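What follows is a single structure, written as structure tokens, with notes after it.
In this note's numbering, the protein residues as written are 15 to 283.
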């Protein structure tokens with residue numbers, strides 16, 4: 015692009031700063047002000063220029079620092095001031111990141127934007143756990159769905175289509191609904207013996223995962239006290255994690271302080 019956009023929408027990836035794209039790193043180093051989410055690691059925030067303003071707008075279940083409408087308005091107000099604005103999101107902005115809502119709001123108010131994709135959790139976290147999302151003879155495709163719903167409504171998913179033993183199912187933000195997810199998949203015909211995994215803090219220093227069957231994964235994750243952020247992977251490819259021998263010892267070392275939830279603590283504004 016010849017002219018700089020008013021706002022850059024940047025994907026930070028799942029946590030490991032070395033998973034940032036070269037373009038994302040370059041844009042972060044030029045930012046005047048960065049609006050960032052809860053799951054952006056301090057190691058990534060360290061790439062921001064000294065003195066650049068940081069605005070935290072993180073969300074957790076039942077705890078929103080700002081509503082989405084407030085974030086949209088904030089981006090427009092910052093763009094009006096002519097600052098170099100970066101909207102920094104964990105993973106990829108267009109995969110359950112509400113990035114499309116934000117750029118639509120910017121467009122509707124006459125501001126330009128550029129989208130810089132990031133590695134989404136399905137790719138990054140599963141790879142760091144040694145789980146390929148596809149494998150010849152085991153999986154012919156991947157389905158990515160959200161396990162979170164608005165206003166405590168029941169999950170509105172097409173369980174019959176998701177209960178396909180020939181594809182890999184990846185569920186974002188689904189740990190709290192894991193019992194419902196597994197039960198409905200089995201009721202829709204997915205075998206109870208289907209391998210399943212939960213990956214906690216994917217690509218972070220304290221990443222861990224557990225593997226069980228679809229019937230047992232809820233109890234196993236509960237016994238091990240798995241917490242958000244956790245990714246759920248269901249399908250025959252999960253069996254390859256142990257076979258490939260690619261364990262959490264391969265996770266890159268990040269310099270960060272763990273908060274009460276076991277996450278890399280976010281830097282202050």
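Glycine included, C-beta positions come from ideal geometry on N, C-alpha and C. On a predicted model such as this, the values are computed, not experimentally measured, just so you know.
Identity of the residue in the options nearest residue i by Cα
| i | options | result |
| --- | --- | --- |
| residue 102 | 175, 209 and 50 | 50 |
| residue 138 | 112, 29 and 68 | 29 |
| residue 53 | 105, 177 and 151 | 105 |
| residue 68 | 205, 81, 179 and 48 | 48 |
| residue 179 | 140, 152, 79 and 196 | 152 |
| residue 83 | 120, 232, 64 and 109 | 120 |
Alpha-carbon spacing of residue i relative to residue j, whole angstroms
| i | j | result |
| --- | --- | --- |
| residue 13 | residue 145 | There is simply no residue 13 to check, as the chain begins at 15 and stops at 283 in what is shown. |
| residue 40 | residue 31 | 13 angstroms |
| residue 235 | residue 219 | 19 angstroms |
| residue 185 | residue 200 | 15 angstroms |
| residue 188 | residue 94 | 37 angstroms |
| residue 272 | residue 65 | Here the model assigns residue 272 a pLDDT of 37, short of 50, so the residue's position is not dependable, and the following value carries that caveat. C-alpha separation (whole angstroms): 24 angstroms. |
| residue 197 | residue 252 | 19 angstroms |
| residue 211 | residue 111 | 23 angstroms |
Residue i in three-state terms, based on DSSP
| i | result |
| --- | --- |
| residue 250 | helix |
| residue 176 | helix |
| residue 280 | The pLDDT assigned to residue 280 is 34, lower than 50, so where the model puts this residue is not dependable, and the model offers no usable value. |
| residue 120 | helix |
| residue 141 | helix |
| residue 211 | strand |
| residue 33 | helix |
| residue 95 | coil |
| residue 199 | helix |
| residue 68 | strand |
| residue 271 | Low confidence applies here, because residue 271 scores a pLDDT of 37, under 50, leaving its location unreliable and the question unanswered by this model. |
| residue 102 | strand |
| residue 182 | strand |
CB contact flag (residue i, residue j, <9 angstroms)
| i | j | result |
| --- | --- | --- |
| residue 100 | residue 125 | no |
| residue 85 | residue 71 | yes |
| residue 38 | residue 130 | yes |
| residue 132 | residue 24 | yes |
| residue 156 | residue 147 | yes |
| residue 214 | residue 250 | no |
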